[in-house]
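Enquirer: Sequences listed follow chains A and B, in order. Reminder that position 98 of the first sequence reads as 98 in this note's numbering, one-by-one numbering, no gaps. Numbers given in this note's numbering equal positions in the second sequence, counted from 1, plus 1000. The following block contains the structure, expressed as structure tokens.
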Amino acid sequence: QVQLQQSGAELVKPGTSVKLSCKASGYTFTSNHMNWIKQTTGQGLEWIGIINPGSGGTSYNVKFKGKATLTVDKSSSTAFMQLSSLTPEDSAVYYCARHGSSSYVMDAWGQGASVTVSS
Amino acid sequence: DVVLTQTPPTLSATIGQSVSISCRSSQSLLHSNGNTYLNWLLQRPGQPPQLLIYLVSRLESGVPNRFSGSGSGTDFTLKISGVEAEDLGVYYCVQSTHAPTFGSGTKLEIK
Chain A
1 QVQLQQSGAE LVKPGTSVKL SCKASGYTFT SNHMNWIKQT TGQGLEWIGI INPGSGGTSY
61 NVKFKGKATL TVDKSSSTAF MQLSSLTPED SAVYYCARHG SSSYVMDAWG QGASVTVSS
Chain B
1001 DVVLTQTPPT LSATIGQSVS ISCRSSQSLL HSNGNTYLNW LLQRPGQPPQ LLIYLVSRLE
1061 SGVPNRFSGS GSGTDFTLKI SGVEAEDLGV YYCVQSTHAP TFGSGTKLEI K
């Protein structure tokens, strides 16, 4: 079965960066794009961007350009998202979610990774 | 950005009751290829969202057929025909015709 295992919770200081991981299993990693989504109580769910694991090609929500950088390691079937210049507004739960090849939407989600930005 | 407006924000239902959730889009979700990429997710308490319905009305594998989706253009509806206790949670519509955006959610409570 499809599984997306995300890295654990992070407590980080303002101005620093954090890199989250999402290890995929149960399917061919390069066959599906991978989305990243931000969830907060105030803003709800926001799409950050998507990466094609086969080519490394990316597309970002304009709001997150310069904030998020998506990469993959095909050898370990792992997707990464780096968030830079962190502020308290970046505190959220971040999800990776596979893009369905027949549904064209997020059809499998990781368990989420909590990021807290605080001094 | 495409704005999805969900109503109602909260819904209280008894077991067996049928309920509907509306999702209205600020722009047509009909893609130039003829598909409409309007989808529904359920987020149970403490869990990540899960896909229920895609392409307006197609049931994701393993999703009970008491869930159904309908609509076109800018107006869409999720119906649950006979709510069960496991259906509690927050329902989101999400469109992927344009850069993906999510509705604000409808919280379903069981009376």
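Here a beta-carbon is modelled for each residue, glycine too, at the ideal position from N, C-alpha and C. This one's a predicted model, so the numbers in the text were calculated from it and none came from an experiment.
Is residue 1050 of chain B close to chain A, meaning its C-beta is less than 8 Å from at least one C-beta of that chain?
Expert: So, interface residue.
Enquirer: So, under 8 Å CB-CB, residue 1081 of chain B and residue 1012 of chain B are touching, yes? Tell me the CB distance rounded to an integer number of Å.
Expert: Their Cβ separation, rounded to whole angstroms, is 17 Å, which puts residue 1081 of chain B and residue 1012 of chain B out of contact at 8 Å.
Enquirer: Would DSSP call residue 62 of chain A helix, strand or coil?
Expert: Three-state DSSP puts residue 62 of chain A in a helix.
Enquirer: Just curious, the beta strand (DSSP E) that residue 1024 of chain B is in, first and last residue?
Expert: Per DSSP, residue 1024 of chain B belongs to the beta strand (DSSP E) from 1018-1025.
Enquirer: Throw me the rounded Cβ distance for the residue 87 of chain A and residue 70 of chain A pair, which I believe falls under 8 Å.
Expert: 20 Å between Cβ atoms; not a contact.
Enquirer: Taking the DSSP output, what are the residues bridged to residue 1109 of chain B?
Expert: Residue 1109 of chain B is bridged to B:1012.
Enquirer: Between the beta-carbon of residue 115 of chain A and the beta-carbon of residue 14 of chain A, is there less than 8 Å?
Expert: No, these two residues do not count as a Cβ contact at 8 Å.
Enquirer: Taking C-beta pairs closer than 8 Å, name the residues in chain A that residue 1109 of chain B reaches, listed in chain order.
Expert: Going along chain A, no residue has its Cβ under 8 Å from residue 1109 of chain B, so there is no contact; the nearest lies around 18 Å.
Enquirer: Could you check whether the region 14-24 of chain A touches the region 1087-1102 of chain B, counting it as contact only if at least three pairs of C-beta atoms, one from each stretch, sit closer than 8 Å?
Expert: Not touching, per the Cβ criterion.
Enquirer: Please look up how many angstroms separate the CB atoms of residue 110 of chain A and residue 5 of chain A, rounded, as I've assumed it's under 8 Å.
Expert: Confirmed, about 7 Å.
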